[in-house]
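Note sheet for the following structure.
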Ligand code: NAP
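Numbering (our numbering), first residue to last: 216 to 716.
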């Protein structure tokens with residue numbers, strides 16, 4: 216175990232302390248940070264929600280969350296007891312402003328005990344309509360001083376206008392340096408490794424452009440349906456829930472220019488440059504370069520599952536897309552003319568997140584076609600989950616007296632290479648907030664540029680109801696039009712076989 220790292224005393228206030236996100240992700244992350252020696256020497260975690268709970272009730276509630284969801288399994292009693300001594304609860308109804316008085320008292324008590332260097336982190340794990348209210352109340356109660364940081368969960372707005380409104384409210388109270396807009400995808404080990412892979416290896420850069428790459432695919436597919444989150448999903452859909460944030464951020468990591476250094480703003484500048492260079496959608500592009508889908512019932516692992524329109528909280532006539540595929544272009548010197556195909560959806564055949572970079576074919580084939588009947592252009596496949604790997608697919612000669620070529624994989628596999636368990640994304644990101652590192656967080660202009668790019672598609676899909684919904688069966692790879700979108704250009708969606716571990 217590492218010793219505690221040198222961090223200022225910290226008070227973490229979690230709005231939505233009794234909610235799913237805290238129980239599933241935040242509490243396990245904080246406990247694992249403590250177990251691994253990454254919490255400050257002096258810290259307090261204050262959970263808040265409307266429910267009336269004692270400190271002990273709250274400790275027990277989150278212990279159940281940690282026991283059920285932590286990567287490190289059930290808590291170890293001695294360790295948990297020490298951690299739990301730092302955990303408190305204050306009932307706050309953010310719609311009843313006066314309850315912030317109780318929170319203030321609790322914060323001040325710890326602040327006095329910890330001393331003048333204490334930093335306060337507010338984590339907003341509540342419904343997005345409460346974000347402005349919380350920020351405003353924190354300001355009114357003088358709880359938004361210089362020593363504070365605020366973490367905002369997704370979704371950040373539901374369109375460009377609401378994202379701008381939220382940015383305006385937040386930046387009227389906090390400085391940009393105090394605002395942490397979270398996109399948990401950016402905290403994943405495999406996603407962070409994209410920068411290491413691209414910018415710490417000299418052989419890639421000469422190949423990383425339109426001369427050698429013929430297209431890029433980013434595919435984030437889920438086997439699960441919307442489950443209990445139908446009510447939320449009805450107001451979101453695949454475009455808002457996944458593409459506006461996670462998939463565009465992955466695209467930025469693949470498309471960005473080399474940063475001058477590892478400074479948070481320098482990296483975020485380079486990402487924004489990609490978003491700004493992306494080709495705006497004309498009405499014609501929306502017709503030919505975008506596909507939306509919605510799942511109907513089907514069978515998943517031997518169980519019949521309902522169609523989207525029959526899920527709890529979903530309008531039986533819903534126009535919400537549970538699948539989206541889009542062809543993007545980045546209009547700059549590096550990427551001109553190179554398509555970036557992006558797709559995501561629920562109730563698909565496989566849960567996986569893959570980035571595939573397909574290189575151009577060799578300029579001249581010297582081998583007779585019979586020798587290389589399984590010929591395939593080189594591919595670099597970055598597998599984010601569930602497999603955590605990077606594969607370079609190359610042609611090789613099969614051993615034997617005859618000359619036969621077939622594609623083989625050169626694999627860097629996390630599990631085989633490193634024995635240490637990778638931290639969860641929320642551990643990485645919470646530690647970043649404590650240390651004040653904004654590299655993996657979205658700046659206001661990043662969020663707004665992503666919305667700006669997608670607004671024509673958002674509006675077109677919202678204003679024109681799909682007549683073909685539902686248009687794909689649960690356990691399939693999505694609507695046929697998504698295959699056609701990429702097939703028209705001579706490609707197909709790449710997948711990794713299941714259980715490749
Ligand atoms: P949730 O399970 O519904 O929890 C909501 C929390 O907010 C509860 O603790 C609730 O407790 C509290 N709350 C509701 N109204 C309140 C009020 N007026 N004043 C104070 N507290 C109030 O929601 P969630 O799934 O945790 O999601 C929280 C946020 O994280 C959402 O913005 C969501 O989009 C985002 N998010 C969630 C996940 C996830 O895996 N769950 C993933 C990514 C992003 P009381 O009812 O006792 O007040």
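Yeah, the Cβ is synthetic: ideal placement off N, Cα and C, and Gly gets one too.
Close CB contacts of residue 336 within its chain, under the 6 angstroms cut and outside five residues either way in sequence, are with 227, 364, 648 (chain order). Boundaries of the alpha helix (DSSP H) harbouring residue 498: 498-504, taken from the DSSP string. Residue 259 is bridged by DSSP to 226. Note on geometry: alpha-carbon atoms of residue 519 and residue 637 lie some 35 angstroms from one another. The set of residues with any CB-heavy atom separation to the ligand NAP below 7 angstroms comprises, in chain order, 230, 231, 232, 233, 234, 235, 236, 237, 239, 240, 263, 264, 265, 266, 307, 308, 309, 310, 340, 341, 342, 343, 345, 368, 369, 370, 399, 447. The secondary-structure analysis by DSSP pairs residue 514 across a beta bridge with 519. Shown here, residue 529 sits in coil according to DSSP, grouped into three states, outside any helix or strand. Going by beta carbons, residue 592 and residue 575 fall inside the 8 angstroms limit. Here residue 309 carries a coil assignment [DSSP, helix/strand/coil]. Beyond the five residues adjoining it in sequence on each side, residue 281 comes within less than 7 angstroms, by CB distance, of 242, 243, 246, 290 in the same chain, given in chain order.
With the rule of 3 Cβ pairs closer than 8 angstroms, the stretch 466-474 does not count as touching the stretch 601-611. Taking a C-beta distance under 8 angstroms as the contact criterion, residue 621 and residue 589 qualify as a contact pair. Spanning the alpha carbons of residue 641 and residue 409 requires a straight line of approximately 18 angstroms. Using a Cβ distance threshold of 8 angstroms, residue 512 and residue 528 do not count as a contacting pair.
Counting along the chain, the unbroken alpha helix (DSSP H) around residue 643 starts and ends at 640-650.
Assigned with DSSP and collapsed to three states, residue 675 falls in helix. Take the alpha-carbon of residue 627 and the one of residue 594: they are about 14 angstroms apart. The residue among 434, 665, 492 with its C-alpha nearest the C-alpha of residue 557 is 434.
If you look at residue 560, you'll find it in the beta strand (DSSP E) that goes 554-560. Counting only the Cα atoms, residue 472 lies some 50 angstroms from residue 268.
In the DSSP assignment, residue 568 falls within the beta strand (DSSP E) that extends over 567-574.
When DSSP states are grouped into helix, strand and coil, residue 654 belongs to the coil group. Contact between residue 534 and residue 680 holds, since their C-beta atoms are separated by about 5 angstroms, short of 8 angstroms. Non-local beta-carbon contacts of residue 375 in its own chain, meaning distances under 7 angstroms to residues more than five positions away in sequence, involve 663, 666, 667, 670 in chain order.
Nearest C-alpha to residue 676 among 453, 563, 524, 255: 453.
Between residue 323 and residue 440, the beta carbon gap of about 46 angstroms keeps them out of contact (Cβ cut-off 8 angstroms). Straight-line spacing of the CA atoms in residue 391 and residue 411 works out to 26 angstroms.
When Cβ pairs closer than 8 angstroms are counted between the two stretches, the stretch 683-698 is seen not to touch the stretch 491-504, the count staying below three. For residue 359, no beta strand (DSSP E) run applies, since DSSP gives it neither H nor E.
Under DSSP, residue 434 forms a beta bridge with 558, 569. About 5 angstroms separates the beta carbons of residue 362 and residue 334, which is inside the 8 angstroms limit, making them a contact pair. The shortest C-alpha to C-alpha distance from residue 258 to any of 237, 233, 221, 285 is the one to 221. Under the three-state reduction of DSSP output, residue 267 falls in the coil class, being neither helix nor strand. The Cβ neighbour count for residue 611, taken over all protein chains shown within 10 Å, is under 16; the residue is labelled exposed.
In this structure, residue 655 lies near residue 401, with their beta-carbon atoms less than 8 angstroms apart.
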